[in-house]
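Student:
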Amino acid sequence: MTSQVNTIPADSLAARLARPELLSLEPYQSARRIGGSGEIWVNANESPFNRTGIDGANRYPECQPPGLISAYAAYAGVAANELICGRGADEAIELLIRTFCVPGKDSIGIFSPTYGMYAISAATFNVAVNTLPLAEDFCLPEDISALTGSKLVFVCNPNNPTGTLLPLGEIARVAKTFPNALVVVDEAYIEFARNPDGSPAQSATGLMAEFGNLVVLRTLSKAFGLAGARCGFLLASASVCELVMRVIAPYPVPVPVSVIAEKALSVQGVAQMCADVVLLNKQGARLSAALTDAGLRVLPSGGNYVLAFSNDVEALARALANAGIVARRYSHPRLKDAIRISYTSEQETDSIIEAIGRIDSK
Numbered sequence: 001m002t003s004q005v006n007t008i009p010a011d012s013l014a015a016r017l018a019r020p021e022l023l024s025l026e027p028y029q030s031a032r033r034i035g036g037s038g039e040i041w042v043n044a045n046e047s048p049f050n051r052t053g054i055d056g057a058n059r060y061p062e063c064q065p066p067g068l069i070s071a072y073a074a075y076a077g078v079a080a081n082e083l084i085c086g087r088g089a090d091e092a093i094e095l096l097i098r099t100f101c102v103p104g105k106d107s108i109g110i111f112s113p114t115y116g117m118y119a120i121s122a123a124t125f126n127v128a129v130n131t132l133p134l135a136e137d138f139c140l141p142e143d144i145s146a147l148t149g150s151k152l153v154f155v156c157n158p159n160n161p162t163g164t165l166l167p168l169g170e171i172a173r174v175a176k177t178f179p180n181a182l183v184v185v186d187e188a189y190i191e192f193a194r195n196p197d198g199s200p201a202q203s204a205t206g207l208m209a210e211f212g213n214l215v216v217l218r219t220l221s222k223a224f225g226l227a228g229a230r231c232g233f234l235l236a237s238a239s240v241c242e243l244v245m246r247v248i249a250p251y252p253v254p255v256p257v258s259v260i261a262e263k264a265l266s267v268q269g270v271a272q273m274c275a276d277v278v279l280l281n282k283q284g285a286r287l288s289a290a291l292t293d294a295g296l297r298v299l300p301s302g303g304n305y306v307l308a309f310s311n312d313v314e315a316l317a318r319a320l321a322n323a324g325i326v327a328r329r330y331s332h333p334r335l336k337d338a339i340r341i342s343y344t345s346e347q348e349t350d351s352i353i354e355a356i357g358r359i360d361s362k
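Residue numbers for the sequence shown, in the UniProt record's numbering: 1 to 362.
Okay, structure coming up:
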């Protein structure tokens, strides 16, 4: 494989933001990246014996399996060179920080409360975190300029754990406000999100052509039901993807994961996902109604979960725990009276609603 170290335009935003040493770094040339053709493969110190019954299990996989990349590019509506597959969106978060942030010098920006791994990943690489509180309704504040200077600005949409869904106009506002940063839109839950009229919410991928500083994160963990497979995607300009490919591990997508993911992205797999989303959103509506009837304040949610606030959240937590139901509490000061409950099957939702009926939060 020919070196790609000179393919990034020097005046591109990606080149200006990247850690300087990466601009001349040639990625590790694994056996699969070098490639070749032949009948006898002895260039990677692999075993010739496949004892698993899984095709290709004894051979190292492609760094970016072409079939999987093609399938997700078609699903997401982006070009194949605008897409990277890895071990969940969590790996993509870490890869972006490693690629663009100089430890001890650079910073990221987040809107709080939000998904915790943005700050954790930054901290593990000695990258500072600039935090701006969300507005009272957990939407973006009117003035977001305090995050100026951040190399990466993370926007979780729908937001975890609040469920808040920002319209694309707000995503565009962030991209315009920080033209010299990468705006990373985490869309782990986008398949569940609905507009007020019930139609599917639009992805920020539709803004990528207009805003070259947008990066979108996706996953198969949520709507596709593959949390155990650990398969996620980073969608960005070709220049951003080229730089990230310089720091990614040689084999981030195991063979079984690629097989499972491609099946999930088939026509039948996507249709099943869409049907599952309808079913789960229906159970979510039942759950929200039950919580509201019990006197809790329930936030509108674009995810596969609901965040509910109670004057006596301990009573709710006890009722759920006594019924063998594990829900999520938070230490964030604004969420100390809240509990997050994921959407689940009809039978399990029945059990949750029954447990909720045993408390009185009015």
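Glycine included, C-beta positions come from ideal geometry on N, C-alpha and C.
Starting from S107, trace the alpha helix (DSSP H) both ways and give me its first and last residue.
Tutor: Note, S107: premise wrong, no alpha helix (DSSP H); beta strand (DSSP E) at S107 to S112.
Student: To the nearest angstrom, how far is the alpha carbon of S107 from that of T124?
Tutor: The alpha-carbon atoms of S107 and T124 are separated by roughly 12 Å.
Student: Look at the Cβ atom of A92, then the Cβ atom of L83, and state whether they are nearer than 7 Å.
Tutor: no
Student: Pull up the distance between the alpha-carbon of V155 and that of A193, whole angstroms please.
Tutor: 15 Å
Student: Using only CA atoms, which one of L291, N304, L296 and A290 lies nearest to V278?
Tutor: For V278, the nearest C-alpha among the options comes from N304.
Student: Just checking my contact of L235 with R218 at CB under 8 Å: how many whole Å lie between their CB atoms?
Tutor: 7 Å
Student: Apart from the five residues just before and just after V270, which ones in its own chain have a Cβ nearer than 7 Å to its Cβ?
Tutor: For V270, same chain residues with a beta-carbon under 7 Å away, outside a window of 5 residues either side, are Y75 in chain order.
Student: I need the DSSP call for Y75, collapsed to helix, strand or coil.
Tutor: In the three-state reduction of the DSSP assignment, Y75 falls in the helix class.
Student: Does the segment 183-191 come close enough to the segment 137-149 that 3 or more CB-CB pairs lie under 8 Å?
Tutor: As far as the Cβ criterion goes, the segment 137-149 does not touch the segment 183-191, which means the pair count is below three.
Student: Leaving out five residues before and five after T349 in sequence, what residues of the same chain have Cβ atoms less than 8 Å from its Cβ?
Tutor: Q283, R286, L287 and Y343
Student: Here's the rule I'm using: 16 or more other beta-carbon atoms within 10 Å means buried, otherwise exposed. How should D197 be labelled?
Tutor: exposed
Student: Sorted by chain position, which residues of the same chain lie with C-beta nearer than 6 Å to P133's C-beta, five sequence neighbours on each side aside?
Tutor: S112
Student: Per DSSP, what kind of secondary structure is R329 in: helix, strand or coil?
Tutor: strand
Student: Suppose you measure from the CA of P66 to the CA of Y251; what does that come to, to the nearest Å?
Tutor: 13 Å
Student: What residue range is occupied by the uninterrupted alpha helix (DSSP H) comprising Y28?
Tutor: Looking at the DSSP string, Y28 is not in any alpha helix (DSSP H), and its letter there is neither H nor E.
Student: Three or more C-beta pairs closer than 8 Å, one from the segment 4-21 and one from the segment 86-103: is that the case here?
Tutor: yes
Student: From the DSSP output, which residues share a beta bridge with G86?
Tutor: G232
Student: Look at the alpha carbon of Q4 and the alpha carbon of A119, and state the distance between them as a whole number of angstroms.
Tutor: Note on Q4: pLDDT 44, under 50, position unreliable in the model; no value is reported.
Student: Considering only residues of the same chain and omitting the five flanking positions on each side of V326, which have a CB-CB separation below 8 Å?
Tutor: Same-chain partners within the cutoff: L320.
Student: In terms of DSSP beta bridges, what is Y305 paired with?
Tutor: S342
Student: How would you write the range of the alpha helix (DSSP H) that V244 sits in, first residue to last?
Tutor: From DSSP, the alpha helix (DSSP H) with V244 extends over A238 to V244.
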